[in-house]
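Numbering (mature numbering (1 follows the signal peptide of the UniProt record, and there is no 0)), first residue to last: -25 to -1, 1 to 398.
Okay, structure first, notes after.
Okay, here's the thing in structure tokens:
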């Protein structure tokens, strides 16, 4: 009887343990470990709350082309390219002045030698004198011997020469002056950051553009698609990838005096999460990466758990761009904060259909994008079955083999019968 009692206790403990674990497993698949949500789990907050805090869109070919063609404001946002360089002199410019005279006795230069012949006439000829180089003062003037201060700021070198010659009228015979601009600390732009030779770059009458001054500064240290160009003009700041300046001439604007260019190494990246074969963050390392290429870098979906019909691209989109993607009267327009500049958006892509592959090839990835590959719905059921099988194993471990229990029971009955017969 003790054997039967012990077997009953083992069986009862096994049944109790199995039932407890089964109840825990069947409370819901949400308690099971998972590396990614299913499509139902991903959409659940939006269905429950009405406004999940983001806007969801199905990715089609038209939407893919629209969002891929969009570019954030670049250097051209600083205004119309209206600046035209000139040689107008400014305070701080260094000039050289050459004075020409037609006289036997020049005001500038050595006096003529005395003649030892009986001819008392003095030869008449041209005389040239080059004045020392000087910097235009803060008041815009330069000093001219015998002419005094002459205001030259705001004048071209030709006009400045005429002003200097006029100051010498009555003091020199038929004076003419030629003014040359030697250097200008005013007509310069600074180029700093990740360039070969940081420093000041002169702006000539040619009218240098952004790429011109970058080239004069030694060029970028990193590839153009990984280099940001930041232009500071007064109190305004604009920024764009250097590759965009190369591709779009409208972004390669003219440089103005006082501009400050900074080149910044900023490699772009995106992340692939969920049921991908290789979950990781990936650098672009090239000029352009499509959604199809991004999924391929992660090895695609894991055959054991992935649902390629539920791929999500998540990013922040400009509110104006998002409004252009939604039809008039769409209820999702009401969820967009009127004051928000950026809105979180989730694009859904179905790669179970052939069209999905063409759409993914037409969709350009952006910096800091996130791609999520959802789990298949059957994965959670499969995990639950595996747990149930483990629970069944625990039950049989407590119960013990059926053959052993039957044999033991027979031995107990036989022993009891033999004891009764002997009595």
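Ideal placement from N, C-alpha and C gives every residue a C-beta, glycine not left out.
Predicted, not measured: the structure shown is a model, and the values here were computed from it.
Could you give the distance in angstroms between the alpha-carbon of residue i and the alpha-carbon of residue j?
i, j, result
"residue 61", "residue 197", "33 Å"
"residue 314", "residue 47", "18 Å"
"residue 203", "residue 168", "10 Å"
"residue 159", "residue 218", "31 Å"
"residue 295", "residue 234", "30 Å"
"residue 343", "residue 51", "24 Å"
"residue 182", "residue 163", "11 Å"
"residue 148", "residue 223", "57 Å"
"residue 285", "residue 249", "11 Å"
"residue 69", "residue 238", "30 Å"
"residue 213", "residue 184", "15 Å"
"residue 243", "residue 29", "24 Å"
"residue 332", "residue 193", "42 Å"
"residue 112", "residue 206", "29 Å"
"residue 339", "residue 278", "25 Å"
"residue 318", "residue 326", "25 Å"
"residue 268", "residue 352", "26 Å"
Counting C-beta neighbours from all protein chains within 10 Å, is the total for residue i 16 or more, i.e. buried, or is it exposed?
i, result
"residue 320", "buried"
"residue 123", "exposed"
"residue 166", "buried"
"residue 125", "buried"
"residue 255", "exposed"
"residue 227", "buried"
"residue 312", "exposed"
Per DSSP, which one or two residues make a beta bridge with residue i?
i, result
"residue 126", "116"
"residue 70", "109 and 156"
"residue 216", "203"
"residue 211", "208"
"residue 240", "202"
"residue 245", "257 and 344"
Are there any heavy atoms of the ligand MG lying less than 7 Å away from the beta-carbon of residue i, as far as the coordinates show?
i, result
"residue 161", "Looking for the ligand MG in the displayed structure turns up nothing, as the structure carries no ligands at all."
Under the assumption that residue i contacts residue j (Cβ atoms under 8 Å), give the Cβ distance between them as a whole number of angstroms.
i, j, result
"residue 400", "residue 188", "Outside the shown range of the chain, which is -25 to 398, sits residue 400, and nothing can be said about it."
"residue 75", "residue 103", "6 Å"
"residue 252", "residue 288", "About 18 Å; that fails the 8 Å criterion."
"residue 66", "residue 135", "About 13 Å; that fails the 8 Å criterion."
"residue 323", "residue 34", "6 Å"
"residue 195", "residue 170", "6 Å"
Which residue wins for smallest C-alpha separation from residue i, given the options the options?
i, options, result
"residue 281", "225, 77 and 247", "247"
"residue 156", "138, 127 and 132", "132"
"residue 231", "209, 172 and 113", "209"
"residue 300", "27, 13 and 32", "32"
Does the beta carbon of residue i sit closer than 8 Å to a beta carbon anywhere in chain E?
i, result
"residue 190", "Considering every chain present, this structure includes no chain E. It has just one protein chain."
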